[in-house]
Amino acid sequence: MDQHAEAQQQASTLPIPRWEFIALCAALMALNSLAIDIMLPALQQIGASLGVENENHRQYVIAAYILGFGGGQLFFGPISDRFGRRAPLVVGLVIYVAAASAAAIAPTFATLILCRVVQGIGAAATRVIAVSIVRDTFDGRRMAEVMSLIFMVFMAIPVVAPGIGQFIMLFASWHWIFITMAAGALVVSAWSLLRLPETLHPEYRRPLTASSVLGGFRIVLTNRIALCYAFASTFAFGAMFGFINSAQQIYVDVFGVGEMFPVIFAGIAGVLSLSSYLNSRLVGRIGMRRLSQSALLLFLAISLAWLVVSIQMKMPLWLFITFFAGTMVPFGALGANFNALAMEPLGQLAGTASSILGFMQTFLGGVLGTLIGQAFNGTVTPLAAGFCSVSLGALVMVLIAERGKFFQPQNPPV
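Take a look at the structure:
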């Protein structure tokens, strides 16, 4: 069966149109992007309103959400393998809406941080279930293609979210940003309840016992290919989280772009969205391995050049944007393909596998991103050094996964 016929056969098993399936999965994942990117223009005002003295501590509004989001996935994965995809998703969305609503009336910075952790835990369900239902429905290059299209739509949120946050701040206080998040989650919740199919067949449901859960974790963590590509993806997302943590300080404090911050941020996100679309068009022809590994080498080369230049000179805005946008071009071929390569051998426990992969990407990636963000010293050099370091880490993981050989057409022996 050729690839087109295979794709048609897989798509025909969906009870809703393929475009709606992709859009709904993207909307679920976009709630996470919304919870981060819409906040960026308001960090200064939140800090001033709640008495945050250390400017770097404002980043905790982002970091707290990311850490809760990462940790929560370890729970929702096994639960979704036992009870199916729909019920845990509803629970997560209820938590997300409640926490965002509570954050809108948080009286102190500590309370706000707690609400953000809880919001992240609720959002964990959306990420785990979105990836799981894609793996339930597609495999191989088709899965990578669908994930790329989801990432493309998902990346539309960073294009518009900072602008939405900036618009809200023109007419209202930062509290209304959280109300907007809750409202968006309610819309996606209604859509999911009405249209999302249950994709986990009853015969594939796993018992929710300690031995079953630990056994599932062991299967995932002892699969060399899955584990190493999960770590490679973690390093890549660590770079992205590092930028998100320090974006407001770099653009506003270092380069003084002021109200142009959302516009510039949207432009960079647009590059990444276009890159994800190109990946979806190329991965079926070139293959996940060759495309993602070539992209990783390019990402490393651009990051290294960026670091060298940032050490040698005070980088003007146009040059910073050039280097950063340059790294986003290959980045679009990293996230979706590394995810697909990690998930490919683990189809029969997709929820558990997705939870571990998501935990690593967001919790460990969030820790890496926090370290990069907290290293901010008034220049772009720490960010460039962080990008260079994580790309080297990803390269090592891919080499281990592939037993030292790049561009192989299929899995090497386990």
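Residue numbers for the sequence shown follow this note's numbering, beginning at 1041 and rising by one.
Don't be surprised by glycine CBs; every beta carbon is placed ideally from N, CA and C.
Just curious, the alpha helix (DSSP H) that residue i is in, first and last residue?
i: Phe1301; result: 1301-1326
i: Val1436; result: 1421-1441
i: Leu1082; result: For the record, residue 1082 in the displayed sequence is Ala; it is not Leu. No alpha helix (DSSP H) holds Ala1082; DSSP gives it neither H nor E.
i: Gly1009; result: This structure gives no information on residue 1009, because the portion of the chain shown stretches from 1041 to 1454.
i: Gly1366; result: 1357-1371
i: Ile1458; result: The structure shown does not extend to residue 1458, since the chain is modelled only from 1041 to 1454, so the question has no answer here.
i: Asp1077; result: 1058-1077
i: Phe1378; result: 1375-1383
Should residue i be labelled buried (16 or more other beta-carbon atoms within 10 Å of its own) or exposed?
i: Gly1444; result: exposed
i: Phe1447; result: exposed
i: Pro1057; result: exposed
i: Val1260; result: buried
i: Ser1251; result: exposed
i: Leu1107; result: buried
i: Ser1213; result: exposed
i: Glu1060; result: exposed
i: Trp1346; result: buried
i: Met1353; result: exposed
i: Leu1254; result: exposed
i: Leu1234; result: exposed
i: Asp1042; result: Below a pLDDT of 50, predicted positions are generally treated as unreliable, and Asp1042, at 42, falls in that range; the measurement from the model is reported next regardless. By the 10 Å Cβ count, Asp1042 comes out exposed.
i: Asn1417; result: exposed
i: Asn1094; result: exposed
i: His1044; result: Since pLDDT at His1044 reaches only 39, below the 50 mark, its modelled position is unreliable, and no value is offered.
i: Gly1307; result: exposed
i: Val1430; result: buried
i: Leu1210; result: exposed
i: Thr1148; result: exposed
Since residue i and residue j are thought to touch, with beta carbons under 8 angstroms apart, how far apart are those beta carbons, to the nearest angstrom?
i: Ala1165; j: Val1131; result: 6 angstroms
i: Ala1201; j: Ser1073; result: 7 angstroms
i: Ile1204; j: Thr1220; result: 7 angstroms
i: Asn1319; j: Gly1372; result: 5 angstroms
i: Ile1396; j: Phe1257; result: 7 angstroms
i: Ala1425; j: Ala1184; result: Between Ala1184 and Ala1425 the Cβ distance is about 30 angstroms, and since that is not below 8 angstroms, they are no contact.
i: Arg1098; j: Gly1087; result: 4 angstroms
i: Leu1248; j: Arg1122; result: 4 angstroms
i: Ile1351; j: Thr1421; result: 6 angstroms
i: Met1383; j: Thr1274; result: That belief does not hold up - the Cβ atoms of Met1383 and Thr1274 are roughly 14 angstroms apart, past 8 angstroms.
Within the present structure, is the beta-carbon of residue i separated from the nearest heavy atom of the ligand SAM by less than 6 angstroms?
i: Gln1159; result: Absence of the ligand SAM is noted for the structure shown, with no ligands found whatsoever.
Can you list, in chain order, the stretches of the alpha helix (DSSP H) that have 4 or more residues and sit fully within the stretch 1094-1155? 1100-1123, 1126-1143
Can you list the alpha helix (DSSP H) stretches of 4 or more residues lying completely in the stretch 1189-1274, in chain order? 1196-1211, 1215-1235, 1250-1261
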